[in-house]
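Participant:
Protein chains: 2
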Amino acid sequence: MTPKRVDHDARRALVADAVLSLVAREGVAAASYRRVAQETGFSVGSLQHYFENGEEMLDVAFARIGVRREERVKAEISALGRPPTPREVLEASLRTGLPLDEERRVECLAEAAWVIRAGAGKGTNPSHGLPLLLGLFRGLLESARAQGMLARGVDPELEAQVLWALVGVQGSRLALDGSAPPERALAVVEYHVDRLFTSPADPAAD
Amino acid sequence: MTPKRVDHDARRALVADAVLSLVAREGVAAASYRRVAQETGFSVGSLQHYFENGEEMLDVAFARIGVRREERVKAEISALGRPPTPREVLEASLRTGLPLDEERRVECLAEAAWVIRAGAGKGTNPSHGLPLLLGLFRGLLESARAQGMLARGVDPELEAQVLWALVGVQGSRLALDGSAPPERALAVVEYHVDRLFTSPADPAAD
């Protein structure tokens with residue numbers, strides 16, 4: 001990648017992050033070129049250079065949620081300094097979607113804003129990344145089973161749907177309901193995940 | 207209750223059902239006195255007699271979702287002709303919220319429309335019934351435990367949150383995504399519930 005390209009991508013990411021914060025605060029409709037120019041310090045002309053149009057800017061910003069979540073999982077796994085277990089990857093993948101800090105709260109709020117917009121029949125369908133996420137969960141559960149670490153009765157394909165529901169609801173509920181404690185959402189997810197895996201003391205899973 | 211009062215309540219319920227269908231098709235904003243009058247055949251003047259104002263009409267319609275779901279659970283339990291097990295009540299309570307037929311699809315779509323409206327900062331908070339639902343789930347799981355029918359490791363309080371997430375997401379996803387098969391949502395819920403209870407062949411739960 002040429003330096004120029006890197007610079008271009010870095011600036012698009014910077015703008016996308018600013019769009020996410022704006023959308024989280026004021027909804028998707030607030031993210032006009034004019035407002036985003038005010039927020040970032042770029043001119044409207046520069047924004048028009050970085051994005052084909054306003055809809056592309058919104059699409060890049062929405063995709064940025066997934067990129068930020070993935071980067072967080074990779075950093076957490078890399079910090080282990082050894083190959084992770086399927087359970088560790090699964091837990092990191094669930095945690096990255098919960099609004100446990102300001103960065104993730106912005107992502108969950110922005111995601112909810114896109115879902116609300118799609119519900120009104122406008123813009124990108126925010127569930128287009130769902131098959132990929134379900135495939136990731138299923139693959140991790142299948143790996144755990146191959147290593148004898150999955151609890152009896154867990155069905156990787158159906159369980160992927162349960163996990164998605166769990167992290168999605170806990171994320172949007174927390175993001176939309178300021179009074180719900182984040183620790184509570186984490187406790188619910190950890191409780192559920194714990195029932196999916198064998199503990200060292202358990203008899204071998206079938 | 208006097209016949210007059212019964213008549214009044216029956217008409218409010220009839221209007222509320224029509225409002226739900228309208229909201230499911232066109233969103234909460236569509237449910238004006240004028241449109242509801244067109245849909246029901248009542249005059250605007252009659253609607254103003256039955257409801258204090260448009261907001262009360264919307265509130266009654268939203269509450270009607272819960273009433274319809276509860277009536278369905280009661281009918282299902284009553285059809286058993288014997289006292290139900292906690293698992294039977296739980297399964298009926300989960301099924302009643304899934305869009306498995308047109309009646310329930312309307313409820314889920316209307317509910318999603320209210321959530322979308324609340325996300326935009328307007329109207330009744332659709333999650334005000336949540337503590338009651340969580341309490342119902344928790345109570346049923348506690349009864350199952352008292353009867354030795356709950357699987358090891360199930361925590362009634364945390365599990366109530368998991369169940370709520372599961373039925374809520376499967377319901378709204380199905381309602382919003384016409385391509386998702388209802389049987390799939392039911393399979394996910396049944397798979398999950400099955401892991402909460404002991405099967406007759408299992409060793410006793412602790």
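Protein chains in written order, with this note's numbering: chain L, 1 to 206; chain E, 207 to 412. From the three backbone atoms N, C-alpha and C, an ideal C-beta is built for every residue, glycine too. Bear in mind that the values here come from a model prediction, so they are computed numbers and not experimental data.
Starting from leucine 150 of chain L, follow its DSSP beta bridges and name the residues at the other end.
Facilitator: According to DSSP, which records beta bridges pairwise, leucine 150 of chain L is partnered with L:Phe197.
Participant: Work out the CA separation of histidine 49 of chain L and valine 188 of chain L for me, nearest whole Å.
Facilitator: Roughly 45 Å separates the two Cα atoms.
Participant: From L:Arg95, L:Thr96, L:Ile65, pick the residue whose C-alpha is nearest to that of alanine 209 of chain L; which is it?
Facilitator: Outside the modelled stretch of chain L, which goes from 1 to 206, sits residue 209 of chain L, for which no answer is possible.
Participant: Tell me whether serine 238 of chain E sits in a helix, a strand or coil according to DSSP, three-state version.
Facilitator: In this structure, serine 238 of chain E counts as coil in the three-state DSSP scheme.
Participant: Which residues, in order along the segment 144 to 158 of chain L, keep a beta-carbon less than 8 Å from a beta-carbon of chain E?
Facilitator: Listed by position along the chain: Gly153, Val154, Asp155, Leu158.
Participant: Within its chain, find whatever has a CB closer than 6 Å to the CB of valine 420 of chain E; leave out the 5 residues flanking it on each side and keep chain order.
Facilitator: An answer regarding residue 420 of chain E cannot be provided, because it is not within the stretch 207 to 412 covered by chain E.
Participant: Is the shortest distance between the beta-carbon of histidine 334 of chain E and the beta-carbons of chain L less than 8 Å?
Facilitator: Taking Cβ atoms only, chain L never reaches closer than 8 Å to histidine 334 of chain E, which makes this a no.
Participant: Would you kindly check if the distance between the Cβ of threonine 40 of chain L and the Cβ of arginine 69 of chain L is under 8 Å?
Facilitator: No, they are not a contact pair.
Participant: In whole angstroms, give me the CA-to-CA distance for phenylalanine 62 of chain L and glutamate 71 of chain L.
Facilitator: Cα to Cα, the separation comes out at about 15 Å.
Participant: Would you decide whether glycine 374 of chain E is buried or exposed? Buried here means 16 or more other CB atoms lie within 10 Å of its CB.
Facilitator: Buried, by the Cβ-count rule.
Participant: Looking only at its own chain, which residues have a Cβ that is under 6 Å from the Cβ of glutamate 348 of chain E, when we skip the five neighbours before and after it?
Facilitator: Excluding sequence neighbours, glutamate 348 of chain E sits near Pro362.
Participant: Using a Cβ cut-off of 8 Å, pull out every chain E residue sitting near arginine 195 of chain L, in sequence order please.
Facilitator: The answer, in chain order, is Gly359, Val360, Arg401.
Participant: So, is the C-beta of tyrosine 397 of chain E closer than 8 Å to a C-beta in chain L?
Facilitator: Chain L contact via Cβ: present.
Participant: Within 8 Å (strictly less), CB to CB, does glycine 251 of chain E reach chain L?
Facilitator: It does not; no Cβ of chain L falls within 8 Å.
Participant: Check whether chain E comes within 8 Å of alanine 31 of chain L, counting only Cβ atoms and requiring the distance to be less than that.
Facilitator: Output row for alanine 31 of chain L: interface = no.
Participant: Under 8 Å, Cβ to Cβ, is there at least one residue of chain L near alanine 371 of chain E?
Facilitator: Closer than 8 Å: yes.
Participant: Short check: CB of phenylalanine 137 of chain L to CB of leucine 163 of chain L, under 8 Å?
Facilitator: A contact, by the Cβ cut-off of 8 Å.
Participant: For alanine 92 of chain L, collect the residues of the same chain with a Cβ closer than 7 Å to its Cβ; drop the 5 residues on either side in sequence, then sort them by chain order.
Facilitator: Excluding sequence neighbours, alanine 92 of chain L sits near Val73, Glu76, Ile77.
Participant: Can you tell me which of the three DSSP states glycine 329 of chain E falls into?
Facilitator: If DSSP states are grouped into helix, strand and coil, glycine 329 of chain E belongs with coil.
Participant: Determine the closest residue to alanine 319 of chain E out of E:Ala237, E:Pro290, E:Gly287, with distance taken between C-alpha atoms.
Facilitator: The shortest C-alpha separation from alanine 319 of chain E is found at E:Ala237.
Participant: Among residues of its own chain, excluding the 5 on either side of glutamate 88 of chain L, which ones have a beta-carbon nearer than 6 Å to its beta-carbon?
Facilitator: Same-chain partners within the cutoff: there are none.
Participant: Within this structure, are the beta carbons of glycine 110 of chain L and alanine 24 of chain L separated by less than 8 Å?
Facilitator: This sequence places alanine at residue 110 of chain L; glycine is not what is there. The answer is yes: Cβ separation under 8 Å.
Participant: Establish whether the CB of isoleucine 283 of chain E and some CB of chain L are separated by less than 8 Å.
Facilitator: It does not: the Cβ of isoleucine 283 of chain E has no partner Cβ on chain L nearer than 8 Å.
Participant: I need the straight-line Cα distance from glycine 54 of chain L to arginine 117 of chain L, nearest angstrom please.
Facilitator: Rounded to the nearest angstrom, the two C-alpha atoms are 15 Å apart.
Participant: What residues in its chain sit with their C-beta under 6 Å from that of alanine 16 of chain L, if we drop five residues either side in the sequence?
Facilitator: Result list for alanine 16 of chain L: Val60, Ala61, Arg64, in chain order.
Participant: Does DSSP put phenylalanine 51 of chain L in a helix, in a strand, or in coil?
Facilitator: Looking at phenylalanine 51 of chain L - three-state DSSP - the assignment turns out to be coil, as it is neither helix nor strand.
Participant: Around the Cβ of valine 161 of chain L, are there at least 16 other Cβ atoms within 10 angstroms (buried) or fewer (exposed)?
Facilitator: A small fix is needed here, since residue 161 of chain L is glutamine in this sequence, not valine. Buried, because 16 or more other Cβ atoms sit within 10 Å of the Cβ of glutamine 161 of chain L.
Participant: Hey, how far is the Cα of alanine 13 of chain L from the Cα of methionine 57 of chain L?
Facilitator: Cα to Cα, the separation comes out at about 10 Å.
Participant: If you drop the 5 nearest sequence neighbours on each side, which residues of the same chain put their C-beta closer than 7 Å to that of leucine 133 of chain L?
Facilitator: Excluding positions up to five away in sequence, the list reads Trp164.
Participant: Give every residue of the same chain whose Cβ lies closer than 8 Å to the Cβ of threonine 124 of chain L, excluding the five residues on either side of it in the sequence, and list them in chain order.
Facilitator: Closer than 8 Å at Cβ, skipping near neighbours: Leu58, Asp59, Phe62, Trp114, Ala118.
Participant: Verify whether the separation of the beta carbon atoms of leucine 372 of chain E and histidine 398 of chain E is less than 8 Å.
Facilitator: Cβ distance < 8 Å, so leucine 372 of chain E and histidine 398 of chain E count as in contact.
Participant: So valine 106 of chain L contacts chain E; which residues on that side make the cut at Cβ distance below 9 Å?
Facilitator: Residues of chain E passing the Cβ test: none, with the nearest at roughly 16 Å.
Participant: At a CB-CB cut-off below 7 Å, which residues of chain E make contact with glutamine 38 of chain L?
Facilitator: Simply none; closest approach about 22 Å.
Participant: Look at the Cβ atom of proline 84 of chain L, then the Cβ atom of methionine 149 of chain L, and state whether they are nearer than 8 Å.
Facilitator: Cβ atoms of proline 84 of chain L and methionine 149 of chain L: not closer than 8 Å.
Participant: List the residues of chain L whose Cβ lies closer than 7 Å to the Cβ of glutamine 367 of chain E, in chain order.
Facilitator: The contacting residues are Val188.
Participant: Would you decide whether valine 154 of chain L is buried or exposed? Buried here means 16 or more other CB atoms lie within 10 Å of its CB.
Facilitator: It counts as buried.
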